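First comes the structure, then the notes that go with it.
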Amino acid sequence: MIKCLSHKKVYLTVEIAEEALIGARTRFEYGNQSGPVGVYQCEDCGYYHLTSKGPINPRLAECQSNGRLKLEKEAQQWLDKIKHK
Ligand SMILES: [Zn+2]
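Okay, so the sequence shown: first residue is 39 according to the working numbering, each after it adds one.
This is the structure:
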């Protein structure tokens, strides 16, 4: 497990970080002004972290506009229901 000075979770590639970002937005209810919105390459560790600052990630924005996020959220809620039965 790679550790970073920032103590943030480390993602090895931008693709993994974006998937984690979309996954986080899928699993948790965030208001419009909270939660992670983007990924960035870290100057300390050279890998990627999620950030709640800055412009919204294009892939996340695409998922939000094309309905994938809503679909995944519904699917996740069903999975949670099944697991907690
Ligand atoms: Zn870092």
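We treat Cβ as the ideally placed atom computed from N, Cα and C, and that holds for glycine.
None of these values were measured; they are calculated from a predicted model.
Cβ-heavy atom distance, residue i to ligand 1, below 7 Å
{"i": "Y85", "result": "yes"}
{"i": "K91", "result": "no"}
{"i": "V52", "result": "no"}
Candidates the options: closest to residue i by CA position
{"i": "K91", "options": "C42, S72, I40", "result": "S72"}
{"i": "N95", "options": "C42, V75, Q114", "result": "V75"}
{"i": "V77", "options": "T64, I120, R65, K47", "result": "K47"}
{"i": "H45", "options": "A55, H87, E67, H122", "result": "H87"}
Same chain, Cβ closer than 7 Å to residue i, five either side skipped, listed in chain order
{"i": "K108", "result": "none"}
{"i": "G105", "result": "none"}
Same chain only: Cβ atoms within 6 Å of residue i, ignoring 5 sequence neighbours per side
{"i": "E53", "result": "none"}
Own chain residues within Cβ distance below 8 Å of residue i, not counting five before or after
{"i": "L43", "result": "D82, C83"}
DSSP state of residue i mapped onto helix, strand, coil
{"i": "L107", "result": "helix"}
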